[in-house]
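*Asks:* In this note's numbering, the protein residues as written are 5 to 83. For glycine and all other residues, C-beta sits at the position ideal for the given N, C-alpha and C. None of the values given here were measured: they were computed from a predicted structure.
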């Protein structure tokens with residue numbers, strides 16, 4: 005699916021502990037879109053972890069719900 009990704013730096017009111025990537029879809033979440041986005045987000049989490057970054061995925065979607073799929077928090081690299 006085509007995904008519009010909104011990037012913003014963490015905000016205090018969100019209790020942010022690093023960069024935040026909000027993932028939105030152009031349409032309400034369908035099962036096929038959820039699987040496709042899950043594969044992409046999973047691959048990104050594996051790659052970021054392999055490079056030493058701390059990550060946390062916060063799912064926010066329900067099937068047929070809003071366009072917000074979830075929020076990816078990226079902490080500082082270990083080192």
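At which residue ranges does the stretch 30–70 contain complete alpha helix (DSSP H) runs of 4 or more residues, listed in the order of the chain?
*Replies:* Counting whole runs of 4 or more residues, the stretch 30–70 contains the alpha helix (DSSP H) stretches 35–54.
*Asks:* Return the CA-CA distance between residue 56 and residue 76, expressed in angstroms with no decimal places.
*Replies:* Computed Cα separation, rounded: 16 Å.
*Asks:* Identify, in the order they occur along the chain, each residue of the same chain with its Cβ nearer than 8 Å to the Cβ of residue 2, setting aside the five sequence neighbours on each side.
*Replies:* Outside the displayed span of the chain (5 to 83) sits residue 2, for which this structure offers no information.
*Asks:* For residue 73, verify whether its CB is less than 7 Å away from any heavy atom of the ligand SAH.
*Replies:* Summarising the ligand content, the structure contains no ligands, and the ligand SAH is consequently not present.
*Asks:* Is the CB-CB distance between residue 74 and residue 62 below 8 Å?
*Replies:* Yes, Cβ-Cβ distance for residue 74 and residue 62 is below 8 Å.
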